[in-house]
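Heads up, the thing below is written out as structure tokens.
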């Protein structure tokens, strides 16, 4: 499973739409769309640059809803990443209903702890929207298992502590963590943060992960080389995971 990340509106909303359509054809199994935010705590330099560019270009939520309306017939599932302040200001139930109406399958909220998410969880359950929880190498075993059981779609395992980026060093505990999670859930486990090379994809697969999440590398290629280069590169990365 290859999960490709795009920042909505970077470099512009039409390019995002084109990228979604082409990535769906070139091998992405899931497309994660990040909502630009000025205080994205989990984002490294590349994704911060992408968010800043989108916001400076005047991005607002109507652009997101229009984008989702235009791509909602693709067969590849869409997942939205947003920070809780964005969701809360918009209205939690209104936000969830809007995503479901646009055929979005999952929601990632990186700054919302599971223990403080009861309202969001209840509303997502009511409308059938999956929340995808993040598990890091520093998450204690009991909590990691609780988060894994709470994931009804797939599990997002962070490869190292810190923010997103192209750093290539994975935490040494990752293979063990994947093995422990597989004991308590049948949900696919995808590894993200710092994946940008075919060798890494093959290594992650050898650890027993069911998928990889590629974000910063996707956006760097998109911003520097364009949609066609990104879609061809994703095709190569997909073959590395599913030869």
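Numbering (the UniProt record's numbering), first residue to last: 1 to 243.
Where is the CB? At the ideal position from N, CA and C, for every residue including glycine.
### Message
Three Cβ pairs or more, each shorter than 8 Å: is that satisfied between the region 101 to 111 and the region 142 to 149?
### Response
Too few Cβ pairs lie closer than 8 Å, so no.
### Query
Given a threshold of 16 other Cβ atoms within 10 Å of its Cβ, counted over all protein chains shown, does residue 171 qualify as buried or as exposed?
Residue 171 should be labelled buried.
### Query
Between residue 231 and residue 214, which are expected to be in contact by the criterion C-beta below 8 Å, what is the C-beta distance as a whole number of angstroms?
13 Å between Cβ atoms; not a contact.
### Message
Taking contact to mean 3 or more Cβ pairs, one atom from each stretch, closer than 8 Å, check whether the region 35 to 54 and the region 208 to 225 are in contact.
### Response
These segments touch.
#### Entry: Host beta strand (DSSP E) of residue 107 (start-end)
According to the DSSP assignment, residue 107 belongs to the beta strand (DSSP E) that extends over 106 to 108.
### Query
First and last residue of the beta strand (DSSP E) that includes residue 221?
For residue 221, there is no enclosing beta strand (DSSP E); the residue is part of the alpha helix (DSSP H) that begins and ends at 216 to 225.
### Query
Which term fits residue 41, buried or exposed, when burial requires 16 or more other beta carbons within 10 angstroms of its beta carbon?
It is exposed - the Cβ of residue 41 has fewer than 16 other Cβ atoms within 10 Å.
### Query
Is the beta carbon of residue 245 sitting closer than 7 Å to the one on residue 25?
Because the chain here runs from 1 to 243, residue 245 falls outside it and cannot be looked at.
### Task
Could I get the ranges of all uninterrupted beta strand (DSSP E) runs contained in the region 97 to 159, with 3 residues as the minimum, in chain order?
Entirely contained in the region 97 to 159, the beta strand (DSSP E) runs reaching 3 residues are, in chain order, 106 to 108 and 155 to 158.
### Query
At a cut of 8 Å, does the region 118 to 125 reach the region 58 to 72 through at least three beta carbon pairs?
Inter-segment contact for the region 118 to 125 and the region 58 to 72 is absent: fewer than three beta-carbon pairs are separated by less than 8 Å.
#### Entry: Buried versus exposed call for residue 127 [16 or more other C-beta atoms within 10 Å across all chains shown]
Here residue 127 is exposed, its C-beta having fewer than 16 other C-beta atoms within 10 Å.
### Task
Please name the residue or residues paired with residue 79 in a DSSP beta bridge.
For residue 79, DSSP records a beta bridge to 32 and 106.
#### Entry: With 16 other Cβ atoms within 10 Å as the buried cut-off, status of residue 130
Under a 10 Å Cβ-count criterion, residue 130 is classified as buried, with 16 or more other Cβ atoms of the shown protein chains found around its own Cβ.
### Task
Report the three-state DSSP secondary structure of residue 165 (helix, strand or coil).
At residue 165, the pLDDT of 40 sits below 50, so the modelled position is not reliable and the matter cannot be decided from this model.
### Query
According to DSSP, what are the bridge partners of residue 7?
According to DSSP, residue pairing for residue 7 in a beta bridge involves 34.
### Message
Using the Cβ count rule (16 or more neighbours within 10 Å means buried), how would you classify residue 29?
### Response
With 16 or more other Cβ atoms inside 10 Å of its own Cβ, residue 29 counts as buried.
### Query
In whole angstroms, what is the alpha-carbon distance linking residue 133 and residue 224?
Straight-line Cα distance between these residues: approximately 31 Å.
### Query
By Cβ distance, which residues of its chain are closer than 7 Å to residue 7, with the 5 residues on each side in sequence left out?
These residues qualify, in order along the chain: 34, 36, 47, 50, 51, 54 and 219.
### Query
Roughly how many angstroms lie between the CA atoms of residue 193 and residue 84, to the nearest whole one?
A direct Cα-to-Cα measurement between residue 193 and residue 84 gives close to 20 Å.
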